[in-house]
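Novice: Here you go, one structure.
Numbering (the numbering used here), first residue to last: 1 to 301.
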């Protein structure tokens, strides 16, 4: 949250130059406060795990956040009880006349398919268009990020020779961006994907800015320069055991899968070295790219 100080005090200008978030008294006293409305389009088959992970991270902010869960209407998931969807989720057609301060679009286990062959691609394109016009800031995760970058900017994904699977060290390319506020110079993000991005095309897209990358797993965090779109190729929302569960699942299917890199300690226990980064990332997004930007009258989004 910002500190509130007189704009004429020398510290005000100094802190602004250091990218410390300060607010002058006039703005602070004129602010109206209301709950933040966040929609989650959950495309993951492990819906309950994913919704719980995201809600846990969204709850770390001092803000009051109202969550609306959304599922696809053109494709009915088979890995979740229909009663759960009917009770807790809405379809896009049920919310498309609303505005949201923030939206999260998750990954999905369809990354090796061409985008146009995904069963709900047409519906997803409609949701992308909706988000661009009716949401203050949208966070796209893993395949969701790839799909949005492809649809909105024509940046294609690239099939990798070997799955990127594990926890990888990343560096800040834009250290003063508010999204990375409080991050260490080196930080870790879980990755689990068979595809990457056309990084040359991405870096040459003037509307986008790369915020973080990894020598081993590539570009990790990107934003549109207006802040309305945030893309992350990995899974900061993952619990400690998520990669282990994926590994055991693939082994049980007889797939050729190596253990997740940089994940297990020498004694076989899990090194959850991304937890504080995840908390900072989601709190920073909610504060700087949603709460501080969105209008009090949500209909003006």
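Note that beta-carbon positions come from the ideal geometry of N, C-alpha and C, so glycine has one too. Since this is a predicted model, take the numbers as computed values, not measurements.
Which runs of the alpha helix (DSSP H) at least 4 residues long sit entirely within the segment 134-206? Give them in chain order.
Specialist: DSSP runs (the alpha helix (DSSP H)) wholly in the segment 134-206: 143-153 and 199-203.
Novice: So what does residue 90 bridge to, in DSSP terms?
Specialist: Looking up residue 90 in the chain shown gives position 90. According to DSSP, residue 90 bridges with 70.
Novice: Would you kindly work out how many angstroms separate the C-alpha atoms of residue 196 and residue 8, rounded to a whole number?
Specialist: Residue numbering aside, residue 196 sits at position 196 when the chain shown is read from its first letter. Residue numbering aside, residue 8 sits at position 8 when the chain shown is read from its first letter. Rounded to the nearest angstrom, the two C-alpha atoms are 48 Å apart.
Novice: To the nearest angstrom, how far is the alpha carbon of residue 164 from that of residue 217?
Specialist: Position 164 of the chain shown holds residue 164. Position 217 of the chain shown holds residue 217. When rounded, the distance between both Cα atoms is 7 Å.
Novice: Output needed for residue 101: all residues of its chain with C-beta closer than 6 Å, excluding positions within five of it in sequence on either side, in chain order.
Specialist: On the chain shown, position 101 is the one that residue 101 refers to. If we look at residue 101 and ignore the five residues flanking it on each side, its Cβ neighbours are 36, 37, 136, 290 and 294.
Novice: Judging by CA-CA distance, which residue of 270, 230, 43 and 146 is the nearest neighbour of residue 243?
Specialist: As a working note, residue 243 is residue 243 in the chain shown. When each option's Cα is compared against that of residue 243, the closest is 270.
Novice: Buried or exposed for residue 184, please, with buried defined as at least 16 other CB atoms from any protein chain shown within 10 angstroms of its CB.
Specialist: Here residue 184 is taken as the residue at index 184 of the chain shown, counted from 1. The residue is exposed, with fewer than 16 neighbouring Cβ atoms inside 10 Å.
Novice: CA-CA distance, residue 174 and residue 203?
Specialist: Translated into positions along the chain shown, residue 174 becomes position 174. Translated into positions along the chain shown, residue 203 becomes position 203. C-alpha separation (whole angstroms): 13 Å.
Novice: Just to confirm, is the Cβ distance from residue 140 to residue 274 under 8 Å?
Specialist: Sequence index remark: in the chain shown, residue 140 carries index 140 (1-based). Sequence index remark: in the chain shown, residue 274 carries index 274 (1-based). Cβ distance not < 8 Å, so residue 140 and residue 274 don't count as in contact.
Novice: With distances taken between CB atoms, is the gap from residue 230 to residue 179 smaller than 8 Å?
Specialist: In the chain shown, counting from the first residue as 1, residue 230 sits at position 230. In the chain shown, counting from the first residue as 1, residue 179 sits at position 179. Yes, the pair counts as a contact, with Cβ atoms nearer than the cut-off.
Novice: Since residue 213 and residue 170 are thought to touch, with beta carbons under 8 Å apart, how far apart are those beta carbons, to the nearest angstrom?
Specialist: Start at 1 with the first residue of the chain shown, and residue 213 comes out as number 213. Start at 1 with the first residue of the chain shown, and residue 170 comes out as number 170. Rounded, the Cβ-Cβ distance is 6 Å, consistent with contact.
Novice: For residue 254, which residues does DSSP report across the bridge?
Specialist: Locating residue 254 in the chain shown gives position 254, counting from the first residue. In DSSP, residue 254 forms no bridge with anything.
Novice: Can you check DSSP and say which residues form a bridge with residue 240?
Specialist: As a position in the chain shown, residue 240 is number 240, starting the count at 1. The partner list for residue 240 (beta bridge, DSSP) is empty, contrary to what the question assumes.
Novice: Pull up the DSSP beta-bridge partners for residue 39, would you.
Specialist: Translated into positions along the chain shown, residue 39 becomes position 39. Looking at the DSSP assignment, residue 39 forms a beta bridge with 68 and 103.
Novice: What does DSSP give as the partner residues of residue 218 in its beta bridges?
Specialist: If you number the chain shown from 1, residue 218 lands on position 218. Residue 218 pairs with 214.
Novice: I'd like to confirm the pairing. Which residues does DSSP put opposite residue 261 in its beta bridges?
Specialist: Counting from one through the chain shown, the residue named residue 261 turns up at place 261. Looking at the DSSP assignment, residue 261 forms a beta bridge with 166.
Novice: According to DSSP, which residues form a beta bridge with residue 208?
Specialist: In the chain shown, counting from the first residue as 1, residue 208 sits at position 208. Answer is 224, bridged to residue 208.
Novice: Identify whether residue 48 lies in helix, strand or coil by the three-state DSSP scheme.
Specialist: Residue numbering aside, residue 48 sits at position 48 when the chain shown is read from its first letter. Helix.
Novice: Taking only the alpha-carbon atoms, compute the straight-line gap between residue 77 and residue 69 and give it to the nearest angstrom.
Specialist: Position 77 of the chain shown, counted from the start, is the residue given in the question as residue 77. Position 69 of the chain shown, counted from the start, is the residue given in the question as residue 69. The alpha-carbon atoms of residue 77 and residue 69 are separated by roughly 14 Å.
Novice: Flag this pair as yes or no: are the beta carbons of residue 123 and residue 205 separated by less than 8 Å?
Specialist: Counting from one through the chain shown, the residue named residue 123 turns up at place 123. Counting from one through the chain shown, the residue named residue 205 turns up at place 205. Cβ atoms of residue 123 and residue 205: not closer than 8 Å.
Novice: Can the beta-carbon of residue 106 be found closer than 8 Å to that of residue 42?
Specialist: Looking up residue 106 in the chain shown gives position 106. Looking up residue 42 in the chain shown gives position 42. Yes, the Cβ-Cβ distance between residue 106 and residue 42 is below 8 Å.
Novice: Three-state secondary structure (DSSP) at residue 230?
Specialist: For this step, residue 230 is matched to residue 230 along the chain shown. Strand at residue 230.
Novice: Have a look at 64, 46 and 118 and flag the residue whose alpha-carbon is nearest the alpha-carbon of residue 74.
Specialist: Position 74 of the chain shown, counted from the first residue, corresponds to residue 74. Out of 64, 46 and 118, 118 has the C-alpha closest to the C-alpha of residue 74.
Novice: Under a three-way DSSP split, which group does residue 270 fall into?
Specialist: Sequence index remark: in the chain shown, residue 270 carries index 270 (1-based). Three-state result, residue 270: strand.
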